[in-house]
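Undergrad: Counting in our numbering, the sequence shown runs from -7 upward without gaps.
Glycine included, each C-beta is placed from N, C-alpha and C at the ideal position.
The structure presented is a predicted model; accordingly, all values stated were derived computationally and were not measured.
I am attaching a structure below and will ask some questions about it afterwards.
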Amino acid sequence: MTNKVALLGAGAMGGAIGTRLLETGNQLQVFDIDKEKVAVLEALGGVAAASAAQAAAESDFVITSLNSAKIVRLAVFGENGAAEGAKPGTLIIDMSSIDPESTKQLAADAEEKGLHWVDSPLSGGAPKALIGELTLMAGGKPEDVKRAHEVLRHVASNYTHMGPSGAGQTTKLINQVLCGLGFLAVAEATQLAIDAGVDAAKVPAALKGGRADSALLQEYMPRYVDKDYRRTGRIDNMVKDLNGAQDLARLTNTAMPLTAVCAEIHRMMTAAGLGGEDEAALMEFFKGPNKENFS
């Protein structure tokens, strides 16, 4: 079945999602303020829309992949936003990583306009999107989450309904806490191996199958060793997500001392001008962040 999808946001993540949807036979209307990003998807068969409203008018599903709750709100409910063009019953699938409280309000506002809302943030990054193996955690009404899967099955191999609106975003914050701490732990362990004279490149194979093994260990220790700083994510995006986790912790009175340290290190990297670099650049923290290393 061919789905008619509007994609709002064609950056690194949105572009990968759009590419996969086109490759799996879906019709795609694309809107982004960066026309060069739209052109990439247009070359693959997508249709460039003049506005979010126009993209939504031609679609049954609207996917947003944007950087903040404020931008999501503008793209959907602002002037020429998706809500202006969307038909009643259109399902909006927000794949951005934003805070749960904003998500609950967005979903309520959508319902008032006769639209449906599912928050479905992701884990796995652009590489997994391109091969249809994202992990998605969804929040919303059961019937809407089920309907969203008609589209999301093309980009995800693991799709879990976590609860009502906002539950997907809460689960994503939990994911980011685990990832943020994991990136830092692997970087720290890598530096210890190097300083102690152990061949760090051999460590992932040596620990494979043991209790310390993880996808992060297997992927990132070799990247740390090789200084492979290819961008598959951004340090400043992790700062945003860790800030969100800390905000939620204050609301729930949850103690998160390790997350606090992890967030501060990420902020230090961002303050040093490395916010746009991949998490692999955390290795530079142990030598003193220096943007000249990336010029």
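#1: Would you give the residue range spanned by the beta strand (DSSP E) that Ile55 belongs to?
#2: On the DSSP bridge assignment, give the partners of Ser115 in chain order.
#3: Measure the beta-carbon distance from Pro134 to His153 and round it to whole angstroms, keeping in mind my assumption that it falls under 8 Å.
#4: By alpha-carbon positions, which one of Ile186, Leu33, Gln238 and Gly73 ends up nearest to Ala102?
#5: Measure the CB-CB distance between Leu199 and Val178 and report whether it falls below 7 Å.
#6: Taking only three categories from DSSP, how would you classify Ala348?
#7: Can you name, in chain order, every residue of its own chain whose Cβ lies under 8 Å from the Cβ of Asp136, other than the five neighbours on each side?
#8: Would you identify the three-state DSSP class for Thr244, choosing helix, strand or coil?
#9: Tell me the rounded alpha-carbon separation between Glu125 and Gly6.
#10: Using C-beta distances below 8 Å, list every residue in its chain close to Ala247, excluding the 5 sequence neighbours before and after it, in chain order.
#11: I'd like the ranges of any alpha helix (DSSP H) spanning at least 4 consecutive residues and lying wholly in the region 129 to 170.
#12: Between the beta-carbon of Gly117 and the beta-carbon of Thr244, is there less than 7 Å?
#13: Helix, strand or coil for Val39? Go by DSSP, reduced to three states.
#14: Pair every Cβ in the region 163 to 180 with every Cβ in the region 249 to 257, then say whether three or more of these pairs are closer than 8 Å.
#15: For Gln19, which beta-bridge partners are listed by DSSP?
#16: What three-state label does DSSP hand Asp228 in the structure shown?
TA: Quick look at the numbers:
#1: Phe53 to Thr56
#2: Thr127
#3: 7 Å
#4: Gly73
#5: no
#6: There is no way to answer for residue 348, as the model of the chain reaches only from -7 to 287.
#7: Leu83, His108, Trp109 and Val110
#8: helix
#9: 15 Å
#10: Ala241
#11: 134 to 144
#12: no
#13: strand
#14: yes
#15: Lys(-4)
#16: helix
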